[in-house]
Amino acid sequence: MKNPFKKSNTALDINNVGKILSTGAAAGMAIASFAGKKTNAGGIIGAGLSLLIGGLLVALQEDDLSRNSNNNQ
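Just so we're aligned: the sequence shown equals residues 6 to 78 in our numbering.
Here you go:
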């Protein structure tokens, strides 16, 4: 699988977002099941956290790109 965060343009394709979302939901459900909690809540929390972290990584990448372009000028 390609790195979904490594793009010259900070927009993610919908296919990669789907993969991130489903992986985060599955991880949240597994953790919730292991902890003895409801898996539905774990899936929602896992999906939300994966999208939050993905958004932060994209924002950091965009910030680095803008700093590099300012330094090159």
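Every residue gets a Cβ at the ideal spot worked out from N, C-alpha and C, and that includes glycine.
If you compare alpha carbons, which of Gly59, Ala46, Lys43 and Thr44 is closest to Lys24? Gly59
Please state whether the Cβ-Cβ distance between Leu26 and Leu56 is less than 8 Å. yes
Which parts of the stretch 17-57 are runs of the alpha helix (DSSP H), unbroken and 4 residues or longer, counting only runs that do not cross its ends? 19-40
From Phe140 to Asn21, what distance separates their C-alpha atoms? Residue 140 cannot be examined here, being either before or after the span of the chain that is shown, 6 to 78.
Pick from Leu61, Ala46, Lys42 and Ile19 that is closest to Ala30, judged by C-alpha positions: Ala46
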